[in-house]
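Undergrad: Next up is a structure, given as structure tokens.
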Amino acid sequence: MASLVQAPGSRLANFFAFRRDPLEFMVRMNDVGDLVALSSARTAPSFVVNDPECVHELLVAKERHLRKGRSSRILAETLGSGLLTTEGQEHATQRKLVQPAFHMQQIARQAQAIVALAQLAVDRWMQAGLDGAVVRPLSDDLMELTLRVITASMFGDAIDERADQLGAAVDVCIRHSARRLYAPVPLSLKVPTPAHRRFAQALTDLDRYLDECMDADREHLDANRGATLLSMLLDLRTEEGEALLTREQVRDQLLTIFIAGHETTANALSWALYLLCVVPDVQAQWHEELDAVLAGATPTFADVARLPLTQRIFQESLRLYPTAWMILREAAEPVAIGGHEFAANSTFLISPFAIHRSARWWDDPLAFRPERFAGERVKGLPRYVYFPFGGGSRSCVGSQFAQMEAVLILAVLGQTLRFELPTPGLRVEPEPSVSLRVRGGLTLRMMRRYPSA
Ligand code: HEM
Numbered sequence: 003m004a005s006l007v008q009a010p011g012s013r014l015a016n017f018f019a020f021r022r023d024p025l026e027f028m029v030r031m032n033d034v035g036d037l038v039a040l041s042s043a044r045t046a047p048s049f050v051v052n053d054p055e056c057v058h059e060l061l062v063a064k065e066r067h068l069r070k071g072r073s074s075r076i077l078a079e080t081l082g083s084g085l086l087t088t089e090g091q092e093h094a095t096q097r098k099l100v101q102p103a104f105h106m107q108q109i110a111r112q113a114q115a116i117v118a119l120a121q122l123a124v125d126r127w128m129q130a131g132l133d134g135a136v137v138r139p140l141s142d143d144l145m146e147l148t149l150r151v152i153t154a155s156m157f158g159d160a161i162d163e164r165a166d167q168l169g170a171a172v173d174v175c176i177r178h179s180a181r182r183l184y185a186p187v188p189l190s191l192k193v194p195t196p197a198h199r200r201f202a203q204a205l206t207d208l209d210r211y212l213d214e215c216m217d218a219d220r221e222h223l224d225a226n227r228g229a230t231l232l233s234m235l236l237d238l239r240t241e242e243g244e245a246l247l248t249r250e251q252v253r254d255q256l257l258t259i260f261i262a263g264h265e266t267t268a269n270a271l272s273w274a275l276y277l278l279c280v281v282p283d284v285q286a287q288w289h290e291e292l293d294a295v296l297a298g299a300t301p302t303f304a305d306v307a308r309l310p311l312t313q314r315i316f317q318e319s320l321r322l323y324p325t326a327w328m329i330l331r332e333a334a335e336p337v338a339i340g341g342h343e344f345a346a347n348s349t350f351l352i353s354p355f356a357i358h359r360s361a362r363w364w365d366d367p368l369a370f371r372p373e374r375f376a377g378e379r380v381k382g383l384p385r386y387v388y389f390p391f392g393g394g395s396r397s398c399v400g401s402q403f404a405q406m407e408a409v410l411i412l413a414v415l416g417q418t419l420r421f422e423l424p425t426p427g428l429r430v431e432p433e434p435s436v437s438l439r440v441r442g443g444l445t446l447r448m449m450r451r452y453p454s455a
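Add 2 to a position in the sequence shown, counting from 1, and you land on the number used in the numbering used here.
Take a look at the structure:
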């Protein structure tokens, strides 16, 4: 039976400690017990979940008794009723429709476009630096790169000059959701505050963009058929030949993939490059792997499997900085977890960030050591001590796409560039927004590894 203990300190003190620094709070609670009760409120008590078996029960074994609840309702203000925000049967139906766009052979088709876009980013940086060292706001650059990747691969669109406007609109929506997700009582959106007006404008901009994509796809129907998520969704038909999804339903799926599908990956890449600067020995080994395997050739989909260290660098970065740093569940009805009974409406806080850093499971947990994923010990660990992509029927639909994209982008960047912190010894802080960002953004110095021909 899992231990269930009351969190030390008063309910109010814990509430403020969480608000001040949620990551520190979740890490501290990780040492307290398998399940930690945060409040004794009868109607909606909250519990921190630290035990991997309990995580498995919540995400997989007993998932039909649980729902995403409040987190979905807040995200639905932006995303509507898409894959991330629906529950129960509606979610299962949607998952079946969207999943084929993420089958391996489908995502393999996107590899070339990903590599070309990454190459373009490197060329732009190097032009700016004229072959010397160049200092770049890398978080912003990577956000733009993954935005271009998701629009090219899922919508078949090169966003070009609209990248800045779309990036800004996404940023407004994400900050809006992050503020409301952990606010005690989110203010009604009908109150016309400046922040609510900015949010409404950002949504209008995104809607207009998605409308344009849908119209463009219709015009090129035959050329696009089946090639992108957008054309797949627009092409779904009932037995009578009617469109299966309304335009609004397609819009909700697109916006979900658009937002869920680039910020997390961009932040994960920022953390990977930061960690490679903090541990230059790993960066040197990484360069050796790229040179030995690719021998200067442009990376392809087939190379992803031939770059084990690059894969492990990404895995280990997601261990230390899992960009989905918190997973929330609510009991839809009474449920037993870890041998304890929990009332309906109980909230469960599951933090991959805290569990991934627990000394109970990980040797030297704060050290960046990609090779730990090659060792035997990691194979013997319980499944839910490492779960950057969640688990169960709500696990990340884009996890394979994200991993392929990340390895290919890292390969293109590392083939040409060496990365350094702009100031030796600089330490950056994580900012727990909807996804785990580098606070203030990551700036790095990069230089060409070989003089250009
Ligand atoms: C490093 C990158 C990524 C990480 C760490 C990540 C993580 C996650 C996690 C943990 C969940 C489950 C949340 C929960 O259970 O409450 C999730 C769900 C989801 N992710 Fe990702 N994700 C990443 C990239 C992507 C990409 C590239 C896409 C799409 C192209 C995507 C689309 C989605 C969608 C649609 C869901 C909802 C799935 C459902 O509820 O059926 N993600 N992601």
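Glycine included, each C-beta is placed from N, C-alpha and C at the ideal position.
Please tell me whether, using a cut-off of 8 Å, the distance from the CB of Ile339 to the nearest non-hydrogen atom of ligand 1 is below it.
TA: Answer for Ile339: no, Cβ out of range of ligand 1.
Undergrad: Would you mind sorting Ala346 into buried or exposed? The rule is 16 or more other CB atoms within 10 Å of its CB.
TA: Exposed, by the Cβ-count rule.
Undergrad: Check whether the Cβ atoms of Gly393 and His58 lie closer than 9 Å to each other.
TA: Taking 9 Å as the Cβ cut-off, Gly393 and His58 qualify as a contacting pair.
Undergrad: State yes or no: is the C-beta of Arg181 within less than 9 Å of the C-beta of Ala165?
TA: Taking 9 Å as the Cβ cut-off, Arg181 and Ala165 do not qualify as a contacting pair.
Undergrad: Between the Cα of Lys70 and those of Phe421, Glu335, Glu343, spot the shortest distance and give me the residue it belongs to.
TA: Per the Cα distances, Glu335.
Undergrad: Closer than 8 Å: is that where the CB of Ser418 sits relative to any heavy atom of ligand 1?
TA: Going by the sequence as given, residue 418 is Thr instead of Ser. Answer for Thr418: no, Cβ out of range of ligand 1.
Undergrad: Under 8 Å: does the beta carbon of Leu330 sit that close to some heavy atom of ligand 1?
TA: Result yes, Cβ under 8 Å from ligand 1.
Undergrad: Using a Cβ-Cβ cutoff of less than 6 Å, which residues in the same chain neighbour Leu189 once the five nearest sequence positions on both sides are dropped?
TA: Hits under 6 Å: none found.
Undergrad: As a quick exercise: from Ala270, Ala326, Trp363, pick the residue whose alpha carbon is nearest that of Ser319.
TA: Ser319 has its Cα closest to that of Ala270, out of Ala270, Ala326, Trp363.
Undergrad: Below 9 Å between beta carbons: does that hold for Pro10 and Val29?
TA: For Pro10 and Val29, no; Cβs fall outside 9 Å.
Undergrad: Take the Cβ of Asp366 as the centre, count every other Cβ of all protein chains shown within 10 Å, and call the residue buried at 16 or more, exposed below.
TA: Answer is exposed; the Cβ neighbour count stays below 16.
Undergrad: What residue does the alpha helix (DSSP H) around Leu313 start on, and which one ends it?
TA: The residue asked about is misnamed: residue 313 is Gln in this sequence, not Leu. Here the alpha helix (DSSP H) through Gln313 covers 310-322.
Undergrad: Can you tell me where the beta strand (DSSP E) holding Ser48 begins and where it ends?
TA: Start and end: 48-51.
Undergrad: What is the residue span of the alpha helix (DSSP H) that Glu65 lies within?
TA: Run containing Glu65: none; DSSP gives neither H nor E here.
Undergrad: Since His105 is in the beta strand (DSSP E), which residue starts that stretch and which ends it?
TA: First-last for His105: undefined, no H or E at that position.
Undergrad: Could you pull out every residue in the same chain whose Cβ sits closer than 6 Å to the Cβ of Leu412, ignoring the five residues on either side in sequence?
TA: Cβ within range, chain order: Thr312.
Undergrad: Can you look up Pro24 in the DSSP assignment and give me helix, strand or coil?
TA: Of the three classes helix, strand and coil, the one that applies to Pro24 here is helix, per DSSP.
Undergrad: Contact defined as beta carbons within less than 8 Å: I believe Phe316 pairs with Ala408. What is the distance between those atoms, to the nearest angstrom?
TA: About 5 Å; that satisfies the 8 Å criterion.
Undergrad: Identify the residues that DSSP records as bridge partners of Gln8: which are they?
TA: Partner(s): Ala39.
Undergrad: For Val440, count neighbouring C-beta atoms within 10 Å of its own C-beta (all shown protein chains included) and say buried if the count is 16 or more, exposed if not.
TA: Result: buried.
Undergrad: Are the CB atoms of Asp217 and Thr2 within a distance shorter than 9 Å?
TA: Because the chain spans 3 through 455 in this model, residue 2 falls outside it and cannot be assessed.
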